[in-house]
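Written out below as structure tokens is the structure these notes cover.
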Amino acid sequence: QLQASGGGLVQAGGSLRLSCATSGIILSTFNSALVGWYRQPPGKQRELVATVNTGGVADYADFVKGRFTASRDNRRRTLNLQMTLLKPEDTAVYYCHLNSPYGGEYWGKGTQVTVSS
71 QLQASGGGLV QAGGSLRLSC ATSGIILSTF NSALVGWYRQ PPGKQRELVA TVNTGGVADY
131 ADFVKGRFTA SRDNRRRTLN LQMTLLKPED TAVYYCHLNS PYGGEYWGKG TQVTVSS
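Residue numbers (my numbering): 71 to 187.
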């Protein structure tokens with residue numbers, strides 16, 4: 071299971087750091103997985119924010135490039151999303167995601183991020 075945390079209310083221009091803890095996922099499953107973050111803005115569909123591959127290389131959606139940094143800690147089996155220069159349009163429920171070719175796909179419960187103008 072995955073559990074995201076760190077969401078909250080922040081003013082535009084501010085920062086938040088999201089974390090995603092894993093439980094019951096063995097090390098080999100985590101290490102072989104593409105991990106990442108998605109978000110679902112109010113009234114919209116879920117969209118990809120960032121992914122981090124097994125080598126630790128992150129890829130970002132254009133709308134967060136230069137503002138968000140995604141990372142993973144294979145030893146702790148966690149993933150993080152550092153969000154800076156937040157905008158009101160970043161308001162969404164954020165979900166962590168893990169997809170392993172050997173261990174399956176997992177979604178975390180979301181954490182709400184609200185950015186006020």
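Note that beta-carbon positions come from the ideal geometry of N, C-alpha and C, so glycine has one too.
*asked:* Here's a check: name, in chain order, each residue in its chain whose Cβ is nearer than 6 Å to the Cβ of Leu97, leaving out the five neighbours to either side.
replied: Here the question's residue 97 lines up with position 27 in the sequence shown. Once the five neighbours on either side are set aside, Leu97 has no close Cβ partner at all.
_Once the 5 residues before and after Glu175 are set aside, which same chain residues still bring their CB inside 6 Å of it?_
To locate residue 175, count along the sequence shown from 1; it is residue 105. Answer for Glu175: Asn169, listed in chain order.
*Pick helix, strand or coil for Asn123, following the three-state DSSP scheme.*
Along the sequence shown, read from residue 1 onward, the residue named residue 123 stands at position 53. Three-state result, Asn123: coil.
*asked:* Which runs of the beta strand (DSSP E) at least 3 residues long sit entirely within the stretch 147 to 175? Give them in chain order.
replied: 148 to 153 and 162 to 170
*Measure the beta-carbon distance from Gly77 to Gln182 and round it to whole angstroms, keeping in mind my assumption that it falls under 8 Å.*
If you number the sequence shown from 1, residue 77 lands on position 7. If you number the sequence shown from 1, residue 182 lands on position 112. Confirmed, Cβ separation roughly 5 Å.
*Look at the alpha carbon of Ala162 and the alpha carbon of Asn123, and state the distance between them as a whole number of angstroms.*
Working through the sequence shown from its first residue, we reach residue 162 at position 92. Working through the sequence shown from its first residue, we reach residue 123 at position 53. One C-alpha to the other measures close to 24 Å.
*Asp160: buried (16+ other C-beta within 10 angstroms of its C-beta) or exposed?*
Sequence index remark: in the sequence shown, residue 160 carries index 90 (1-based). Around the C-beta of Asp160, 16 or more other C-beta atoms lie within 10 Å, and the residue is accordingly described as buried.
*Output the distance between the C-alpha atoms of Asp157 and Gln115, rounded to the nearest integer angstrom.*
The residue given as residue 157 occupies position 87 in the sequence shown. The residue given as residue 115 occupies position 45 in the sequence shown. Here residue 157 turns out to be Lys, not Asp, going by the sequence shown. So the two alpha carbons sit approximately 18 Å from each other.
*Could you name the residues that DSSP lists as bridge partners for Asp132?*
Residue numbering aside, residue 132 sits at position 62 when the sequence shown is read from its first letter. Paired residues: none, contrary to the question.
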